[in-house]
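In UniProt numbering, the protein residues as written are 1 to 450.
Beta carbons: idealized from backbone N, C-alpha and C, even for Gly.
Computed from a predicted model, the values in this text were never measured in an experiment.
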Amino acid sequence: MINSIKSSVFYHIYPLGFCGVINNKKNYTKKAGLSKIDDKWINHFTQLGINSIYFGPLFQSTYHGYDTIDYLKIDDRLGTNADFKQLVRKLHDNNISVIVDGVFNHVGREFWAFKDVIDKKSQSPYTSWFNINFNGNSNYNDGFYYEGWEGHYDLVKLNLYNKEVKNYLFEVIEKWINEFEIDGIRLDVAYLLPKEFLKELREKTTQFKNDFWLMGEMIHGDYNSIASPEMLHSATNYELYKGLYSGHNEKNYFEIAYSLNREFGDYGIYKNIDLYNFVDNHDVNRIASMVNTKEYLKNIYTILFTIPGIPSIYYGSEWAIEGDRKISDLNLRPELFLEDFENDIDAKNIEKFISNLISIRTKNIELTQGCYKEILVKNKQFVFGRGYNDKWILIALNLDNKEEILQFNVPFANSTLINLLDKTEKLNVKDYKLNISIPAFSSKILKEEE
């Protein structure tokens, strides 16, 4: 990774949607595709404070990108291999690391090896690449049954216990690294991938590129089952994601505090993993559509950028755009244009707030590497600390619709604190006690004055 993972701030792009080409069946033209991510967008990333981008599926597919046809060719709708190589170079020149989606659990029906099986049936040399039964039939009347991903037969499950399949995928990744110089991979449905495959993947990618980063999609279950020193480096933090919106909607900071303590407290089960934290992505409703009031958004983002782990923004959510998947996932994956937000006062307000949070995070090692300590929890108020080498930053939040006055003990005796969100405000700690007032729907990030 160009940037230390602990100091990374991610921007998640779903390319086929972002570029407005998901329904484009025409051949690529230079007016579309990855060329959309021009200097203006890159400037937006850097001004926001982004130093890592996670690109959703990029390689040739039939429709949504997760039905891969060719692992070695950028999707025609997005451009060419040369286009992506040039984009990665420009991002690297701007100190932005690049992570790509690795969809290795399944392929599309048009994938070359599966097409060979359809054509040659049991005579194909690739029958063992998939989980096939020639005594059955498929929904497509192929003359054989095959396993699809969770019952979706347009997504053909690969046999990752097959040595040939694994070697093929490892060769693919090596070519991605050599051709595009990517810095890591997000593994789709990592919770379904065999543990031995993950171990071999870690070993191989470390050989290919020593600081190559691996993050896995994990929706339920124990993140330690895929993230460890011998498997992946990180996992998606869905447990916290759920609490971030429901804890605010139900005016229950205990829910969020419980998850944070369980994950990152003194006995936290994930305190040694840099989990990938998010408030929305390409599979779930936009956070602006999930909260009962957008007044909660600033507190939610304050938590996201001050807790342990790696924060990520899904493209467009820096402007609090809405998106609900009730009708279609496409509602979560729109094409966006920078100029549409230039004169939107509300959008620019939340963008500026998020940019400030990112700046605060990247400038303070307590927030990127410090321990986590719960200090005070009420239904509508929450205070926690991040400590590093006996230096502390306190985060205090109020989700009530009125000002709240709090008194609580802190981990240091006598000190003057400055509010990093409003540096004109200073508070005094006396005998390990702090008294503060927090306005409605707001937060404070307090650091000892140097």
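Inter-residue spacing [alpha-carbon to alpha-carbon] between residue i and residue j
i    : j    : result
D67  : W41  : 28 angstroms
V117 : I132 : 10 angstroms
L78  : D329 : 19 angstroms
D39  : L338 : 12 angstroms
N281 : T46  : 20 angstroms
I303 : S124 : 53 angstroms
K6   : D274 : 7 angstroms
N3   : G17  : 27 angstroms
I350 : E318 : 6 angstroms
N27  : I327 : In this prediction, N27 has a pLDDT of 49, which is less than 50 and means its spatial position is unreliable; what the coordinates show is noted afterwards. Distance between the alpha carbons of N27 and I327 is about 28 angstroms.
Y432 : N414 : 6 angstroms
N167 : V107 : 16 angstroms
R89  : F180 : 8 angstroms
S97  : D266 : 31 angstroms
E450 : P311 : 27 angstroms
N43  : G316 : 15 angstroms
I313 : F111 : 32 angstroms
L297 : D346 : 12 angstroms
Y258 : E164 : 45 angstroms
F412 : E366 : 15 angstroms
Which of helix, strand or coil DSSP assigns to residue i
i    : result
A396 : strand
M215 : strand
Y71  : strand
S311 : Rather than Ser, the amino acid found at residue 311 in this sequence is Pro. Looking at P311 - three-state DSSP - the assignment turns out to be strand.
G148 : strand
H248 : helix
T29  : Confidence in T29 is poor, its pLDDT being 49 and thus under 50, which makes the residue's placement too unreliable to answer from.
I360 : helix
I438 : strand
V9   : coil
L16  : helix
Y63  : coil
R202 : helix
S35  : helix
D154 : strand
S443 : strand
A227 : strand
A413 : coil
Element boundaries [alpha helix (DSSP H), containing residue i]
i    : result
W41  : D39 to L48
S259 : Y253 to F264
T302 : L297 to L304
Y270 : Careful: Y270 lies outside any alpha helix (DSSP H) and carries neither H nor E.
S289 : I287 to M290
R325 : Counting along the chain, R325 falls outside any alpha helix (DSSP H), and DSSP gives it neither H nor E.
E366 : I365 to Q369
R89  : N81 to D93
V117 : W112 to K120
Residue i versus the options, residue with shortest Cα-Cα distance
i    : options                   : result
I360 : L417, I53 and L446        : L446
T80  : I321, K115, V172 and L34  : L34
H64  : N95, I96 and D101         : D101
E404 : G370, R325 and A440       : A440
E295 : D324, K251 and G316       : K251
L169 : S138, A113 and Y223       : A113
N299 : L420, S442 and S8         : S442
E374 : N261, K157, I173 and Y245 : N261
L198 : N224, D183, H220 and E181 : N224
V284 : S415, Y14 and I5          : Y14
E171 : K204, N428 and D340       : K204
L417 : Q407, P411, N409 and V429 : V429
K444 : K433, T424 and F111       : T424
I307 : E318, S289, I345 and I358 : I358
F382 : S415, G247, S355 and N389 : G247
K286 : R333, N419, F341 and Y253 : This sequence places Arg at residue 286; Lys is not what is there. Comparing Cα-Cα distances from R286 to each of R333, N419, F341 and Y253, the minimum goes to R333.
D400 : Y253, A235 and N210       : Y253
L155 : D183, V189 and M231       : V189
N398 : K378, G385 and K391       : K378
Nonlocal neighbours in the same chain, by C-beta distance under 6 angstroms from residue i, ignoring five residues either side
i    : result
N201 : Asn is not the amino acid found at residue 201; the sequence shown has Leu there. Cβ neighbours of L201 beyond the five flanking positions: none.
E335 : G20
C371 : G387
Y126 : A113, D116 and V117
K402 : A440
K209 : I177
Cβ neighbours of residue i in the same chain (closer than 8 angstroms, five flanking residues each side left out)
i    : result
L193 : F104, N105, L160, L187, G216 and I226
L58  : P15, G65, I74, D75, L78, F84, V100 and D101
E343 : It should be noted that the sequence gives Asn, not Glu, for residue 343. Closer than 8 angstroms at the Cβ level, and outside the excluded window around N343, lies no residue.
For residue i, the first and last residue of its enclosing beta strand (DSSP E)
i    : result
D101 : S97 to G102
I177 : Looking at the DSSP string, I177 is not in any beta strand (DSSP E); the run it does join, the alpha helix (DSSP H), is K163 to F180.
R386 : Q381 to Y388
V107 : H106 to G108
Y54  : S52 to F55
Minimum Cβ-Cβ distance from residue i to chain D less than 8 angstroms
i    : result
Y267 : The question asks about chain D, but that chain is absent: this structure has only one protein chain.
7 angstroms CB neighbourhood of residue i in its chain, flanking five on each side removed
i   : result
T29 : The predicted position of T29 is uncertain, since its pLDDT is 49 and thus under 50; no value can be drawn from it.
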